[in-house]
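In my numbering, the protein residues as written are 12 to 188.
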């Protein structure tokens, strides 16, 4: 499956495992159901990632986060946005590793995915064929402002910019006799 980051296509150094059999895999992504067993089998120098469903409560994942290098959130359909909220919750829980959206997202969701904390987007071949990398990069740059607070940088937030302008105007009028 093709992998994109904020700069475009990139190679994927991770290997998916169908279960907890991760022997001889330096960077393994295991299904949520096999995570505990895979972590028990982990050897020094081996990186473990997990593919989770987009309805898994973050509280269930949180105890494992310090031992994970990657969390991939499954998107069953581009219209199912629960993974975006889940990404924000995982970042707020302190996860600093790679956060991956996995599934049939569309290019129009790329900027939002990045602002929610995703580092990479893993696409099915059919989705990648319909929307080439260049389209994803154009979509990434298509939104210069956001309404949601906490996504990206404060200067991009429309509401924060309006508040700052009102504060500046009030300070200017208070200083004028």
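Yeah, the Cβ is synthetic: ideal placement off N, Cα and C, and Gly gets one too. Remember, it's a predicted structure, so these values are computed and weren't measured experimentally.
> Using the C-alpha atoms, what's the distance from residue 79 back to residue 105?
Replying inline: Within the chain shown, residue 105 is the residue found at index 94, counting from 1. Within the chain shown, residue 79 is the residue found at index 68, counting from 1. Their Cα atoms are separated by approximately 12 Å.
> Which residues mark the beginning and the end of the beta strand (DSSP E) in which residue 60 is found?
Replying inline: Translated into positions along the chain shown, residue 60 becomes position 49. It spans 58–63 - the beta strand (DSSP E) in which residue 60 sits, taken as one unbroken run.
> If you compare alpha carbons, which of 178, 172, 134 and 144 is closest to residue 112?
Replying inline: Position 101 of the chain shown, counted from the start, is the residue given in the question as residue 112. Considering only alpha carbons, the answer is 134.
> Whose C-beta lies closer than 6 Å to the C-beta of residue 115 among residues of the same chain, with five residues either side of it excluded?
Replying inline: Stepping through the chain shown from its first residue, residue 115 is reached at position 104. 89, 135 and 138, listed in sequence order.
> To the nearest whole angstrom, what separates the beta carbons of residue 129 and residue 110, a pair I think is in contact under 8 Å?
Replying inline: Translated into the one-based positions of the chain shown, residue 129 becomes position 118. Translated into the one-based positions of the chain shown, residue 110 becomes position 99. That pair is a contact at about 5 Å.
> Rounded C-beta distance between residue 83 and residue 107? I'm assuming under 8 Å.
Replying inline: Mapped onto the chain shown, residue 83 falls at position 72. Mapped onto the chain shown, residue 107 falls at position 96. So it is not a contact: roughly 15 Å between Cβ atoms.
>> Using DSSP's beta-bridge definition, name the partner residues of residue 31.
In response: Residue mapping note: residue 31 aligns to position 20 of the chain shown, counting from 1. Answer is none; residue 31 lacks a bridge partner.
>> With three or more beta-carbon pairs closer than 8 Å as the criterion, would you say the stretch 173–183 touches the stretch 48–59?
In response: no
>> Do residue 26 and residue 47 count as a contact pair if the criterion is CB distance below 8 Å?
In response: Reading the chain shown from its first residue, position 36 is the one you call residue 47. Reading the chain shown from its first residue, position 15 is the one you call residue 26. Residue 47 is not a Cβ neighbour of residue 26, given a cutoff of 8 Å.
> Nearest-angstrom Cα distance between residue 182 and residue 94?
Replying inline: Counting from one through the chain shown, the residue named residue 182 turns up at place 171. Counting from one through the chain shown, the residue named residue 94 turns up at place 83. Looking at the backbone, the Cα of residue 182 and that of residue 94 are separated by about 42 Å.
>> For residue 117, which residues in the same chain have their Cβ closer than 7 Å to its Cβ, ignoring the five residues on either side in sequence?
In response: Counting from 1 along the chain shown, the entry for residue 117 is found at position 106. Cβ within range, chain order: 89 and 142.
> For the beta strand (DSSP E) that contains residue 144, what are its first and last residues?
Replying inline: Translated into the one-based positions of the chain shown, residue 144 becomes position 133. No beta strand (DSSP E) contains residue 144, which is instead part of the alpha helix (DSSP H) from 144–151.
>> Can you look up residue 116 in the DSSP assignment and give me helix, strand or coil?
In response: If you number the chain shown from 1, residue 116 lands on position 105. Here residue 116 sits in coil by DSSP.
>> For the alpha helix (DSSP H) containing residue 177, name the first residue and the last one.
In response: Here residue 177 corresponds to residue number 166 of the chain shown, with the count starting at 1. Segment 169–186, the alpha helix (DSSP H) holding residue 177.
> Would the beta-carbon of residue 150 fall within 8 Å of that of residue 119?
Replying inline: Stepping through the chain shown from its first residue, residue 150 is reached at position 139. Stepping through the chain shown from its first residue, residue 119 is reached at position 108. Yes, the Cβ-Cβ distance between residue 150 and residue 119 is below 8 Å.
>> Quick check on DSSP: helix, strand or coil for residue 36?
In response: Here residue 36 refers to the residue found at position 25 of the chain shown. DSSP places residue 36 in coil when its eight states are reduced to three.
> If you run the structure through DSSP and keep just helix, strand and coil, what is residue 67?
Replying inline: Position 56 of the chain shown, counted from the start, is the residue given in the question as residue 67. It is coil, neither helix nor strand.
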